[in-house]
Amino acid sequence: MRELDQDIITDVSLEQMSSTGDRRLKELMDAAVRHLHDYAREVDLKPAELLAGLRFLTEVGQKCTAHRQEFILLSEVLGLETVVNTLNDLRGNERATRTSILGPFYVSDPPPLELGQSLCPHVKAPEIALYGRVMDTTGSGIPNATVEIWQTDEEGLYDVQRHEELDLRGRFHTNPEGRYYLRTVRPLGYSIPMDGPVGDLIRAQGRHGMRPAHIHFLVRAPDYCGVTTAVYLRNDRYIESDTVLGVTESLIRDIKDPDPFSPLPNLPGLQFDFTLCR
Ligand code: MBD
Ligand code: FE
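To get our numbering, take the position in the sequence shown, counting from 1, and add 1.
In structure tokens:
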């Protein structure tokens with residue numbers, strides 16, 4: 002038996018795991034162990050700090066419920082979800098619309114709505130027109146694509162944070178030219194849930210915890226890669242400092258008022274087009 006030291010222990014750990022049958026699991030766990038050991042050596046991790054870190058992760062798990070996923074939020078505020086999304090975008094077609102964070106407020110079965118209808122008939126705030134086209138990589142419209150949309154109201158809250166009824170969300174189908182259009186309200190920037198261990202971390206780091214105003218989309222069509230993304234409003238004060246790092250330049254738009262291209266006349270317009278790859 003060798004005398005273990007802080008470096009030999011890494012080789013010994015990898016050796017012990019070398020019997021892993023699944024090749025990808027072996028690759029994932031070997032790298033995780035190497036990076037975790039390097040991390041502990043780099044910061045000279047103290048035993049009490051290891052315990053505090055494990056206590057934090059335990060609290061993150063304990064905060065999770067059917068409607069609250071604190072671990073996903075943790076992966077988002079550390080930028081990890083965006084690293085993974087960016088790598089996934091690289092695998093696809095470079096012309097496809099960039100992905101962005103799904104977030105914790107997605108509901109898998111939103112109300113079916115007709116083109117031109119309001120996304121939020123119960124919200125009393127000035128309306129805007131939200132519209133665009135779903136296209137393939139040659140610029141041809143994709144008819145009958147499914148466009149799911151969800152957003153906060155003019156005060157920065159999702160329907161599920163206020164009441165049981167679904168509002169501010171819906172599922173549309175594009176017309177024969179691949180176009181979608183609807184009425185909605187201007188979303189407002191929003192604070193991530195701050196009443197859990199992730200919120201404690203954000204405060205300890207002196208971060209504001211806000212997301213810039215955004216509207217979520219999940220766009221799908223048969224034979225095309227679906228895209229989970231969001232549009233972000235340029236004039237938001239948090240556009241450069243999104244707490245979950247979901248913003249990228251190609252997803253930023255302005256609301257135009259007046260908007261001569263708006264398919265719903267007399268409403269300010271927000272245009273957002275999508276490109277799907279095969
Ligand atoms: C949100 O609205 C959101 O989109 C994400 C990713 C995290 C917290 C709140
Ligand atoms: Fe959101």
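From the three backbone atoms N, C-alpha and C, an ideal C-beta is built for every residue, glycine too.
Between which two residues does the beta strand (DSSP E) carrying residue i extend?
| i | result |
| --- | --- |
| I129 | E128 to M136 |
| G270 | G270 to Q272 |
| Q152 | T147 to Q152 |
Does DSSP classify residue i as helix, strand or coil?
| i | result |
| --- | --- |
| Q63 | helix |
| A231 | strand |
| K125 | coil |
| H36 | helix |
| S14 | helix |
| L219 | strand |
| K257 | strand |
| V248 | coil |
| F173 | strand |
| G54 | helix |
| R96 | coil |
| M2 | coil |
| M195 | coil |
| R212 | strand |
| S119 | strand |
On the CB-based measure, 16 or more other CB atoms within 10 Å of its CB, does residue i come out buried or exposed?
| i | result |
| --- | --- |
| L52 | exposed |
| T153 | buried |
| A222 | buried |
| P188 | buried |
| V78 | buried |
| A205 | exposed |
| T139 | exposed |
| N145 | exposed |
| R56 | exposed |
| N281 | Residue numbering for the chain in the displayed model covers 2 to 279; residue 281 lies beyond these limits and cannot be assessed. |
| D23 | exposed |
Going by alpha carbons, who is nearest to residue i out of the options?
| i | options | result |
| --- | --- | --- |
| M195 | T244, P188 and I240 | T244 |
| I102 | R279, E155, L252 and G270 | L252 |
| G200 | L74, P105 and R42 | L74 |
| A32 | V44, E16 and D45 | E16 |
| T83 | K64, G210, A67 and G104 | G104 |
| K64 | R238, R235, P198 and Y159 | P198 |
| T230 | E241, R42 and A97 | A97 |
| L234 | L246, R254, E250 and V220 | R254 |
Over the uninterrupted alpha helix (DSSP H) stretch that includes residue i, give me the two end residues.
| i | result |
| --- | --- |
| V78 | E71 to V78 |
| L183 | Not the alpha helix (DSSP H): L183 falls in the beta strand (DSSP E), residues R180 to V186. |
| V199 | P198 to A205 |
| E82 | L81 to R92 |
| V108 | V108 -> no alpha helix (DSSP H), and no H or E assigned at all. |
| R163 | D160 to R163 |
- Message: Closer than 8 Å is the cut-off here; do at least three beta carbon pairs connect the region 124-137 with the region 181-194?
- Response: The region 124-137 vs the region 181-194: in contact.
- Message: I want to know whether the region 109-121 touches the region 272-279 - three or more CB-CB distances under 8 Å.
- Response: For the pair of segments examined, the region 109-121 was found not to touch the region 272-279: the number of CB pairs separated by less than 8 Å stays below three.
- Message: Assess contact between the region 114-124 and the region 242-258, defined as three or more Cβ pairs (one per stretch) separated by less than 8 Å. Is contact present?
- Response: Result no; under three Cβ-Cβ pairs closer than 8 Å.
- Is it true that the region 4-22 meets the region 31-42, where meeting means three or more beta-carbon pairs spaced less than 8 Å apart? Segments in contact, yes.
- Item | Given 8 Å, three or more beta-carbon pairs between the region 224-235 and the region 91-100 | In short, these stretches touch, since the Cβ pair count reaches three.
- Message: So, does the region 138-157 touch the region 213-223, judging by three or more C-beta pairs under 8 Å?
- Response: Verdict: yes, contact present.
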